[in-house]
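Here's the structure we're looking at; comments come further down.
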């Protein structure tokens, strides 16, 4: 129940890597406070192509995509801390109010 | 049980293992190093459960204590009957500093077995499908157990209620709801479910207080195990005042989520009491 998006991401990883692409996988590994997605949520980043899955919509996803591009360039995994605690009463729909640690790594064959 | 001497899995290899386990309908746990020596960060091992129920470690971190620790974490998550917790843990190698691993388990897609193809079964089938279940609907009436009535079901099966699960596998990912047209059929099916080799995580039975009490005293009198009887959800569903078939299906679906995720079933507003505390604060 509930983890079928994971399989979409895993299947996309397998398909893209088999095609010879290098992609990045972002996984939420720990959270604190109120965040849009829970631990385990995943997003595959194929720069210039597409995203599969989400680690929180507007909330911090930009930072993750930037990290993904760097990780693909360097091959070094990164732990990205996304802090959503500022501006709790801002009108932006992206405001959530917690922090997430997101592990970002490159995947190639 | 560990597989020392082999290399850790790359993310690509681990992904292939997860997809293969899903295909075979076997549980699997993934253990990823997220902090530690750079040659290990991003590397993985998996714990897989095969057909006989035995767990094995695939891949190795090249350190006996790390492998044992990873195997223990993975095994624990595979064997949980509830939604396994995902998260970061520390592991201590035989030598050198502690590392951090992220652990998540993947269970095969669960089955929702709806026994009785009546008016509650229809909305429950639709809800089960969107919740991610493989829905199986069974009934002994050919004009009720039809594809047309249950388009979202994976299987619609006509069965004999004297042996309803002859062709329906009942396993550790089976959620079963007994809603036949007559209490005696629910009762017959329940008796079969109390004797399955593997106890399913959820068995719910509809019925009035009087009939449920009669059923339980009869089954206990037959010597069926009291601990398994005590876990039957009867009457089925959460108390949300449900009256219509759709409302009852919502109450049942909610109870299944409660069982899987381990909530309390109470309204969050009453548990958190944020507004109540807010107003109290303002009065002072």
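Chains as they are written, first to last, in the numbering used here: chain A, 48 to 156; chain B, 119 to 402.
The C-beta atom is built at its ideal place from N, Cα and C for all residues, glycine as well.
Quantities reported herein were computed from a predicted structural model and do not represent experimental measurements.
*Which of helix, strand or coil DSSP assigns to residue 195 of chain B*: Residue 195 of chain B: helix per DSSP, three-state reduction.
_Quick check on residue 417 of chain B: buried or exposed, where buried means 16 or more other Cβ atoms within 10 Å of its Cβ?_
The requested residue 417 of chain B does not occur in the structure, where chain B is confined to residues 119 to 402.
*asked:* Residues of chain B with CB closer than 7 angstroms to the CB of residue 90 of chain A, please, in chain order.
replied: Under a criterion of Cβ atoms nearer than 7 angstroms, no residue of chain B is adjacent to residue 90 of chain A; the nearest Cβ is some 14 angstroms distant.
*Collapsed DSSP secondary structure at residue 246 of chain B in the structure displayed*: If DSSP states are grouped into helix, strand and coil, residue 246 of chain B belongs with the helices.
*asked:* Please state the DSSP three-state secondary structure of residue 300 of chain B.
replied: Coil.
*Where does the unbroken alpha helix (DSSP H) through residue 375 of chain B begin, and where does it stop?*
363-379 is the span of the alpha helix (DSSP H), which, as asked, contains residue 375 of chain B.
*Assuming residue 72 of chain A and residue 154 of chain A form a contact by the criterion Cβ under 8 angstroms, report the distance between their Cβ atoms to the nearest whole angstrom.*
Cβ-Cβ separation between residue 72 of chain A and residue 154 of chain A: approximately 6 angstroms, consistent with a contact (criterion under 8 angstroms).
*Using the Cα positions of residue 172 of chain B and residue 203 of chain B, report the straight-line distance between them to the nearest angstrom.*
The straight-line gap from Cα to Cα measures roughly 21 angstroms.
*asked:* For a contact defined as C-beta to C-beta under 7 angstroms, what are the partners of residue 98 of chain A on chain B?
replied: Within chain B, no C-beta atom comes less than 7 angstroms from the C-beta of residue 98 of chain A; the nearest is roughly 17 angstroms away.
*Taking residue 124 of chain A as the query, report the chain B residues whose CB atoms sit under 7 angstroms from its CB, ordered along the chain.*
What residue 124 of chain A touches in chain B: 159, 160.
*Count the other CB atoms, across all protein chains shown, that sit within 10 Å of the CB of residue 393 of chain B; report buried if there are 16 or more and exposed otherwise.*
Residue 393 of chain B counts as exposed, since fewer than 16 other C-beta atoms from the protein chains shown sit within 10 angstroms of its C-beta.
*asked:* Quick check on DSSP: helix, strand or coil for residue 396 of chain B?
replied: In this structure, residue 396 of chain B counts as helix in the three-state DSSP scheme.
*Unbroken beta strand (DSSP E) runs of length 3 or more, entirely within the region 320-354 of chain B: which are they?*
You should have 320-323.
*Establish whether the CB of residue 144 of chain A and some CB of chain B are separated by less than 7 angstroms.*
At a cut-off of 7 angstroms between beta carbons, residue 144 of chain A makes no contact with chain B.
*Do we get a CB-CB distance below 7 angstroms when we pair residue 119 of chain A with the residues of chain B?*
Not an interface residue.
_Segment limits, beta strand (DSSP E) that includes residue 130 of chain B_ = From DSSP, residue 130 of chain B is part of no beta strand (DSSP E) but of the alpha helix (DSSP H) over 129-142.
*asked:* Please identify the residue among B:160, B:197, B:179, B:300 whose C-alpha is closest to the C-alpha of residue 213 of chain B.
replied: Nearest neighbour of residue 213 of chain B by Cα position, chosen from B:160, B:197, B:179, B:300, turns out to be B:179.
*Between the beta-carbon of residue 373 of chain B and the beta-carbon of residue 386 of chain B, is there less than 7 angstroms?*
Taking 7 angstroms as the cut-off, the beta carbon of residue 373 of chain B is found no closer than this to the beta carbon of residue 386 of chain B.
_Interface partners of residue 81 of chain A on chain B, CB under 8 angstroms_ = Per Cβ cutoff of 8 angstroms: no residues; residue 81 of chain A is ~12 angstroms from chain B at best.
_Need the endpoints of the alpha helix (DSSP H) that residue 86 of chain A sits in, please._
For residue 86 of chain A, no alpha helix (DSSP H) segment is defined, and its DSSP state is neither H nor E.
*Thinking residue 228 of chain B and residue 145 of chain B are a contact (beta carbons under 8 angstroms), I'd like their distance in whole angstroms, please.*
Not a contact, Cβ separation roughly 11 angstroms.
*How would you label residue 315 of chain B, buried or exposed, when you count the other beta carbons within 10 angstroms and need 16 or more for buried?*
Around the CB of residue 315 of chain B, fewer than 16 other CB atoms lie within 10 Å, so the residue is classed as exposed.
*Is it the case that the Cβ atoms of residue 127 of chain A and residue 114 of chain A are separated by a distance below 7 angstroms?*
Contact: yes.
*Contact between the region 156-176 of chain B and the region 188-201 of chain B: three or more CB pairs below 8 angstroms?*
Three or more pairs of CB atoms, one per stretch, sit closer than 8 angstroms, so the region 156-176 of chain B contacts the region 188-201 of chain B.
_Give me the residue from B:320, B:345, B:267 with the minimum Cα distance to residue 376 of chain B._
Cα-wise, what sits closest to residue 376 of chain B is B:320.
*Using a Cβ-Cβ cut-off of 7 angstroms, state whether residue 133 of chain B counts as contacting chain A.*
Chain A, which has a Cβ nearer than 7 angstroms to the Cβ of residue 133 of chain B, makes this yes.
_For residue 176 of chain B, tell me which candidate among B:126, B:215, B:380 has the shortest Cα-Cα distance._
The residue from B:126, B:215, B:380 with its alpha-carbon nearest to that of residue 176 of chain B is B:126.
*For residue 383 of chain B, return the contacting residues in chain A, with the cut-off set at a CB-CB distance below 7 angstroms.*
Under the 7 angstroms cutoff, chain A gives no residues; its nearest Cβ is about 17 angstroms from residue 383 of chain B.
*Starting from residue 93 of chain A, follow its DSSP beta bridges and name the residues at the other end.*
DSSP lists A:97 as partners of residue 93 of chain A.
_One question on the structure: do residue 124 of chain A and residue 160 of chain B come within less than 7 angstroms of each other, judged by their Cβ atoms?_
Closer than 7 angstroms, so yes.
*Leaving out the 5 sequence neighbours to the left and right, which residues in its chain are closer than 7 angstroms to residue 148 of chain A when beta-carbon positions are compared?*
Here the set comprises 76, 77, 126, 128.
*Taking buried to mean at least 16 other C-beta atoms within 10 Å of its own C-beta, is residue 121 of chain B buried or exposed?*
The predicted position of residue 121 of chain B is uncertain, since its pLDDT is 46 and thus under 50; a value taken from the coordinates is nonetheless stated next. Around the CB of residue 121 of chain B, fewer than 16 other CB atoms lie within 10 Å, so the residue is classed as exposed.
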